[in-house]
Amino acid sequence: MDEDLTQPTLRGRLVVLRPVRADDLPVLHDILEEPEVAEWWRRTEWERVDELGAVTFAVELEGRVVGCIQYTEQTDPDYRSAAVDIFVSAAAHGRGVGSDAMRTLIAWLIDARGHHRLTVDPATANARAIHVYRRLGFRPVGVLRRYERVEGDRYRDALLLDLLAEEFVRE
């Protein structure tokens with residue numbers, strides 16, 4: 017992972033989002049091995065992050081890395097938008113960490129990067145993530161059938177949700 021010191025450090029109510037550093041990788045890999053995280057994030061996906069052009073931030077809670085949040089952008093002015101993805105350690109679940117990280121990044125993507133529309137695409141079975149995204153104002157667009165390959169060369173469906181800037185629930 018190349019350090020990108022041009023990315024800002026963003027401060028939420030609970031979390032700090034900062035560019036991922038090389039020394040974060042062992043912690044993030046350990047989080048990806050947690051059963052509650054591995055169910056939704058395959059480690060091979062993480063290892064391809066640099067190839068996919070995602071901008072990646074470490075999620076810090078009380079000075080400790082507890083997850084990762086990233087975005088990709090469509091910069092064509094006619095289709096300008098961003099897609100967001102996140103994983104958080106099971107130890108931080110239920111504490112508002114994911115919501116705060118999402119809210120912090122989304123506000124920055126709207127206010128500083130000028131995006132009017134954002135998307136997320138959790139697995140349809142990932143009720144926890146879908147609940148968080150809906151509370152932030154995301155609305156279902158539709159099911160992406162056989163969207164993501166999982167173990168055993170099987171595929172699972174994902175729910176595409178989008179959020180318009182004016183629908184964003186800032187708190």
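If you read the sequence shown in the numbering used here, its first letter stands for residue 17, the second for the next number, and so on. Here a beta-carbon is modelled for each residue, glycine too, at the ideal position from N, C-alpha and C.
Quick check: V136 and L176, are their CB atoms within less than 9 angstroms of each other?
Yes. Within cutoff.
Check each candidate in E76, R170, T120 and name the one with the smallest Cα separation from S105.
Among E76, R170, T120, the Cα nearest to that of S105 belongs to E76.
Taking C-beta to C-beta, are A145 and L125 nearer than 9 angstroms?
No, the Cβ-Cβ distance between A145 and L125 is not below 9 angstroms.
R34 and T25 - do their beta-carbons sit closer together than 9 angstroms?
In contact: T25 and R34 (Cβ atoms closer than 9 angstroms).
Given V32, which residues of its chain have a CB within under 6 angstroms of its CB, disregarding the five upstream and five downstream residues?
Excluding positions up to five away in sequence, the list reads E76.
Assuming D40 contacts A70 under a Cβ cut-off of 8 angstroms, what Cβ separation, rounded to an integer in Å, is found between them?
Wrong, their Cβ atoms sit about 15 angstroms apart, outside the cutoff.
Could you give the distance in angstroms between the alpha-carbon of V185 and the alpha-carbon of D169?
Cα to Cα, the separation comes out at about 38 angstroms.
What is the C-beta distance between G153 and E187, in whole angstroms, given that I count them as a contact (C-beta under 8 angstroms)?
The pair is not a contact, with the Cβ atoms about 11 angstroms apart (cut-off 8 angstroms).
Rounded to the nearest angstrom, how far is the Cβ of D173 from that of R162, given a contact under 8 angstroms?
Yes, they are in contact, since the Cβ atoms of D173 and R162 sit about 7 angstroms apart, within 8 angstroms.
So G114 packs on I102, CB below 8 angstroms; how close in whole Å?
6 angstroms between Cβ atoms; contact.
Are the Cβ atoms of A90 and V100 separated by less than 9 angstroms?
Looking at the sequence shown, residue 90 is not Ala but Gln. Not in contact: Q90 and V100 (Cβ atoms no closer than 9 angstroms).
Alpha carbon to alpha carbon, how far is A54 from V81?
One C-alpha to the other measures close to 17 angstroms.
Is the beta carbon of W56 closer than 9 angstroms to that of A139?
Yes, these two residues count as a Cβ contact at 9 angstroms.
According to DSSP, is D66 helix, strand or coil?
Caution is warranted here: a pLDDT of 49 is assigned to D66, below 50, making its placement in the model unreliable, and the coordinate value is therefore given only provisionally. D66 falls in the helix class under three-state DSSP.
Pull up the distance between the alpha-carbon of Y171 and that of A141, whole angstroms please.
Approximately 12 angstroms, taken between the alpha carbons.
By a C-beta neighbour count over all protein chains shown, 10 Å radius and 16 as the cutoff for buried, is A108 buried or exposed?
A108 is buried by the Cβ-count criterion.
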